[in-house]
Structures are given as structure tokens and as C-alpha cells.
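Enquirer: Next up is a structure, given as C-alpha cells.
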Amino acid sequence: MEDALTRVPGDAPPGASTSAEVTAARGETESFQIVVTGGSRPLHGVDLELAPPAGPGGARLPDTSVSLYREQFVTVPATLPVSGTDGPGEYPDGLVPFTDPVTGEALSGDVPARGVSVPPHRSQPYWVDITVPRDAAPGVYRTGYTLRTDGGTGTGDVELTVLDLTLPARPALAGAFLSAGGLASVDAELLRHGAMPGVPVTELDPSLRDGGRINAANTGFYSGADRETCTMRPPPPPEEIAETVRRAPAGALLYNYTADEIDDCDDVAALYPALRDWARAVHRAGVRQLVTMAPDPLLFDDGTGSPVVDVWASLPMDHDPATAAEAVARGMQVWSYTALAQDDYSPKWLIGADPVGFRAMPGFLNQGLGYTGSLYWRVDDWGDGDPWETAVMYDGRYPGDGMLVYPGGPVGLPDGAAPSLRLKWIRDGIEDYGYAELARSVAGDAAVDAVVRRVAPDWRNWSRDPAALDAARADLAELAMGGR
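Position in the sequence shown (from 1) plus 7 gives the number in my numbering.
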């Protein structure tokens, strides 16, 4: 057995533990790993079963509370030598689901979840999610798992403690996780992990748009300006913006992702008049303007007391504490944003990067810095090859950048998508953020900030110790429950 933040290599030695203990709030998903290791001969027909846990008064979690995945190793031919990133090799990253996440039916594909072989002295990890319903009774729940191979059967125990605490269906952390493939299944997979789809609201499937889980939505009018195109088209007519707003999810923060990384333009200030035009256009419809750039005080006021940019998605290397704090104090939002590997200290979302960083950025680091959301530039860049075998190398150097979900066809989901290990870790960070928000509502900012900054005071100084993050989450849970 292994905890959720351990990346299990293919040559991992056999583990000593056969049991798992996890703690979760209602509405939360907690995870652990079960590892099968071959001996002197290969194992064939490997299969895993885990029954839903049973708890107080005979209560039993539903069958849908347990999700099983086989971890697929992908080859990384090269990787950027930055802090917290390992070298070339095979890494577990793709998660092959046992069942269809919508229908619950068993899956069968070219990349199977069940019945695989494990070579001698090699390890095959399996990922287990247990999702606690929002109406579950608090207390201790227990179950067991069974591993079957042609070489015999193994069993183990699982103990789940359900807290008297409920995470909301609509996550506290805002965000924009963008995709380009046009698959509703990608957006659905993001929402299962608490991550907000960044596609325009007009492209959101109605079942997702109206499901009550989306807290931030993109109206989708792009100016065309980015780091290489330093000009802006004029904003769309008011009636077009208004029509899009009418189709937006109820209660969501509406933003318009207007321009991308324009602070790399040689004369970025030359774009500010056009950016003000865009601000006026979207503000009239009740939409906030989002730009990926470092907060600039020149854009904090459009002359009427309103900011030109309402949401700043800022890279860690561009973070200036005083400027960010001023933006927040004046009613703007700052979101974290990562792409490639542009510094040697902040978390990276590449295959091979430190697992703790995926969780730390959306959760404790966002909380510690006063950020309220996370943006990721793309989740479905599957390249031209087979990402289930060889990692997509963005720009030939960045393994897995722009890809947090895998194409579903090879695993038996023709129109679907399958998650990565990295998306699971990001989900845990989003849940950390939710714990902190619940704790703030009960214990106040000072108590929560003391816990958060113990593990993530800034981009350069964040704990790489999984146990430290778990301890901080436990402290937040205690604060949120009023010391119970």
C-alpha cells in the first residue's frame, strides 16, 4: 500500500503494508494506492476488487463511492532539469478506469484496467478513489480489498474516517482549465475533480452548465492578443455579450479571458487603451475581464473607479507581494497560473515533477498568497502519437505540459477522457483550499493563515513533505469543526 502522494516507480520493491487508513469530509474524495509486485516469475490476470465501506449503524456507502484505476506507465524520453523534476524514464501517469464514470459499466479497451500481467520484480500500482456522499453519517467505515492473480490471492483492509464536515458541491476555488478538443467528457472529467472548465459557456454541455458545480465561467470573447500578437481586435457588440451571459451557469463568476501573456509584448502599454475598451464592453454585461499577466497598477483604475483587469492570472515568477496585495485590497482577484518550467522553485505540472507541487499550488499556496483561482492553459493536448505509451513533449522539452487527461478511446471510452495521476493530486489541492475556506468561516483568517503559511508561505518556500500537508489539512478540519 502507498499513500496518494507517492509516485510508485516500476522497480519499487514489495511494500510491507497491506492496509490503508484515510480521512475525508462529506463531499470529498480520498485516495490511496495498492501495489502489486511480481516475484521471480511474472504474474498474469491481475485483478482488484474493493467493496464500498460500511460504517455506523450498518450504514454502507453506495457502489458508486469506489472508483478503481490501473496506473499506466508512460515513457518520458527527456525532461527539463529543473528543481523537483526527475529525468527520462517510465512514469505512472495515465489512469485506466475499471468502469465507465457515467454508466458504471465495466470497460474493455486496448489499454486494459483488468487482467494485465506484471513482469518479475516489477511493480504495478492501482489507484483507489473513495468518494463520500454529502449525506453520509460521520464515523468510521471499513472494507477490504482482494487482489487476484494466477499466482494466488491477496487481501487487505481499508479504514475510512468520515468527518462531521461537508465540502460544498460547488468548489471554493475558482479557475479556468482550458481545452481545445471540443469534448464534453473532458469538461465532465475536470468537474469530477473540482476543476473549472475554461471553454466558453456557449460550448458547455447543458448538463454540466446547469449542474450547480461551476463557480467560474468564461464568456469566450478573445481579442487575439498574446505574447506574439501584440494587437487587439475590438470587443464584440453588446447584444452578443448579453446573449452569452444569458447562457451562463447560475451563480458563477463570469469572466472574459481577453488576452494572453501580453506583458511579453515590447510595448505592452500601447495595448492599454484597447484593453480599457474591452473592459467597458464586458463590464456593461456584468462580466469581469481576465488577462494572463502580472498585475499592473496602471490598470487598477479605468478612470471610473473600476479596474481594467478584474482577474489577473499570474505566473509565480511574476509575483510581487505588494502589488498583488494592493490588487486584492481594491477588489480584484489574482489567480495562480503555471505553464512549462519558467523558474526553478515553484511547483511544476509536468510528468516527473514533485507530486506535492500539484497539490500545493491550488491549495495551500493559493491560500497563503491570497489567490482565489487557478488557470491552466490546456488539459487535452494529446499530440500526434499515443500518449498512453509516450508522453507528449510540449516544445520537445516539457513532458505532459498541456495534458491532464488522456484520450478515452484506448481504454474503452470512445468519446470520453480518462484522468491522470496529476489531475488527482490537483483535485486534492482544490479540496485543501475548500477546507481552508470552511475553517475561515468558523475560526477566522488569523487561525487559518497560521496553518497555511506553516506549509506554503510563498512560491519559494513550500513544504515538499506530504505528511506536513496532511497535518495541515487535519488542523484545518479541526478549525472548521470548531475544535471537535
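Heads up, the beta-carbon is just placed ideally off N, CA and C, and yes, glycines get one too.
Just so we're clear, the structure is a prediction, and the values are computed from it rather than from any experiment.
Helix, strand or coil for D164? Go by DSSP, reduced to three states.
Expert: In the structure shown, D164 sits in a strand (DSSP, three-state: E or B).
Enquirer: Using the DSSP secondary-structure output, state which residues sit across from Q340 in a beta bridge.
Expert: Q340 is bridged to V318.
Enquirer: Hey, P316 and Q296: beta-carbon distance below 7 Å or not?
Expert: For the record, residue 316 in the displayed sequence is Val; it is not Pro. Yes; because the gap between Cβ atoms is below 7 Å, this pair is in contact.
Enquirer: Quick one: any contact between the stretch 333-352 and the stretch 415-433, if contact means 3 or more CB pairs under 8 Å?
Expert: With a cut-off of 8 Å, the stretch 415-433 and the stretch 333-352 do not count as touching, because too few Cβ pairs lie within range.
Enquirer: Using 10 angstroms around the beta-carbon of E438, count the other beta-carbons present and answer buried if the total reaches 16, otherwise exposed.
Expert: Its Cβ being crowded by 16 or more others within 10 Å, E438 is buried.
Enquirer: Please tell me whether V462 and S470 are closer than 7 Å, where the distance is taken between their beta carbons.
Expert: Closer than 7 Å, so yes.
Enquirer: Among residues of its own chain, excluding the 5 on either side of A31, which ones have a beta-carbon nearer than 8 Å to its beta-carbon?
Expert: Result list for A31: E37, I137, V139, L167, T168, V169, L170, in chain order.
Enquirer: With burial defined as no fewer than 16 other Cβ atoms inside 10 Å of the residue's Cβ, what is the status of P256: buried or exposed?
Expert: That one is buried.
Enquirer: Provide the residue span of the alpha helix (DSSP H) that contains N222, from first to last.
Expert: First-last for N222: undefined, no H or E at that position.
Enquirer: Mind checking if L278 is an interface residue toward chain B, Cβ cutoff 7 Å exclusive?
Expert: No chain B appears in the structure shown, which is made up of a single protein chain.
Enquirer: By Cβ distance below 6 Å, which residues in the same chain neighbour P314 in space, the five residues on each side in sequence not counted?
Expert: Around P314: F307, M339.
Enquirer: Grab me the residues of P421's own chain with a C-beta within less than 8 Å of its C-beta, minus the 5 sequence neighbours each way, in chain order.
Expert: G415, listed in sequence order.
Enquirer: What does DSSP give as the partner residues of M410 in its beta bridges?
Expert: DSSP lists D387 as partners of M410.
Enquirer: Scan the stretch 167-220 and note each continuous alpha helix (DSSP H) run of 4 residues or more that stays entirely inside, going in chain order.
Expert: Qualifying alpha helix (DSSP H) stretches, in chain order: 191-199, 213-216.
Enquirer: Quick check on the burial criterion: 16 or more other C-beta atoms within 10 angstroms. Buried or exposed for G52?
Expert: Looking at its Cβ environment, which holds fewer than 16 other Cβ atoms inside 10 Å, G52 is exposed.
Enquirer: Return helix, strand or coil for F371, following the three-state DSSP convention.
Expert: Here F371 sits in helix by DSSP.
Enquirer: What residues match up with P132 in a beta bridge as DSSP calls it?
Expert: V42.
Enquirer: Using the Cα positions of D164 and A58, report the straight-line distance between them to the nearest angstrom.
Expert: Rounded to the nearest angstrom, the two C-alpha atoms are 11 Å apart.
Enquirer: Considering only C-alpha positions, which residue in the set R234, W432, L411, S427 is nearest to F184?
Expert: Closest option to F184, Cα to Cα, is L411.
Enquirer: Could you tell me whether the Cβ atoms of G359 and V83 are closer together than 7 Å?
Expert: Yes. Within cutoff.
Enquirer: Could you give the residue range of the beta strand (DSSP E) that holds A27?
Expert: Here the beta strand (DSSP E) through A27 covers 26-33.
Enquirer: Going by DSSP, name the residue or residues bridged to M300.
Expert: DSSP output for M300 lists no bridge partner at all.
Enquirer: Cα separation between V318 and A286?
Expert: So the two alpha carbons sit approximately 11 Å from each other.
Enquirer: Can you tell me the Cα-Cα spacing of R429 and Y133, whole angstroms?
Expert: Computed Cα separation, rounded: 14 Å.
Enquirer: Tell me E97's beta-bridge partners as DSSP assigns them.
Expert: Its beta-bridge partners are T82.
Enquirer: Determine the extent of the alpha helix (DSSP H) in which R14 is found, giving its start and end residues.
Expert: Where R14 is concerned, there is no enclosing alpha helix (DSSP H), given that its DSSP letter is neither H nor E.
Enquirer: So I221 packs on A281, CB below 8 Å; how close in whole Å?
Expert: The pair is not a contact, with the Cβ atoms about 29 Å apart (cut-off 8 Å).
Enquirer: Run through the stretch 232-259 for me and flag every whole alpha helix (DSSP H) of 4 or more residues, listed as ranges in chain order.
Expert: 245-253, all fully within the stretch 232-259.
Enquirer: Please go through the same chain and pick out, in chain order, the residues whose beta-carbon is closer than 6 Å to the beta-carbon of S343, but skip the five residues on each side of it.
Expert: Only M368, N373, Y378, S381 meet the Cβ criterion.
Enquirer: Which first and last residues belong to the alpha helix (DSSP H) in which P473 is found?
Expert: Where P473 is concerned, the enclosing alpha helix (DSSP H) stretches over 473-487.
Enquirer: My output table needs one value for A266: the three-state DSSP class, helix, strand or coil.
Expert: Residue state, collapsed to three classes: strand.
Enquirer: Taking the alpha-carbon positions, what's the H326 to A346 distance?
Expert: Taking the straight line from one Cα to the other gives about 15 Å.
Enquirer: Taking the Cβ atom as the reference point for each residue, do A446 and A479 lie within a distance shorter than 7 Å?
Expert: No, the pair does not count as a contact, with Cβ atoms beyond the cut-off.
Enquirer: For the putative contact between S448 and G101, defined by C-beta atoms under 8 Å, what is the C-beta separation to the nearest angstrom?
Expert: Not a contact, Cβ separation roughly 37 Å.
Enquirer: Ignoring anything shorter than 4 residues or poking outside the stretch 342-366, list the alpha helix (DSSP H) runs there in chain order.
Expert: Fully enclosed alpha helix (DSSP H) runs of 4 or longer: not present.
Enquirer: Measure the alpha-carbon distance for R253 versus D387 and round it to whole angstroms.
Expert: Straight-line Cα distance between these residues: approximately 28 Å.
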